[in-house]
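K.L.:
Numbering (my numbering), first residue to last: 216 to 300.
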């Protein structure tokens, strides 16, 4: 349960940072921002593991965090481009 709460909080922070880079995204609520951040974290984490494997037992992968922001920004651009707003 704590892992889910942690994912939502980190996703929200990543989503906020991504919204700062993409002001055209407009106003997103807490859940929409969190889902954009979580989606970006999934994409960024997968890309980070391809290029650099974390140490065994490591809870935090710095490359994954930065690529999470990149993934969330790309997701926001896709939502703007292909979304209905």
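Even glycine gets a Cβ: it sits at the ideal position worked out from N, Cα and C.
1) So, residue 288 versus residue 236, is the Cβ gap smaller than 7 Å?
2) Residue 254 and residue 283: beta carbons closer than 7 Å?
3) With a 10 Å radius around its C-beta and 16 neighbouring C-beta atoms as the bar for buried, classify residue 298 as buried or exposed.
4) Just how far apart, CA to CA, sit residue 223 and residue 271?
P.N.:
Reading it off the structure:
1) yes
2) no
3) exposed
4) 24 Å
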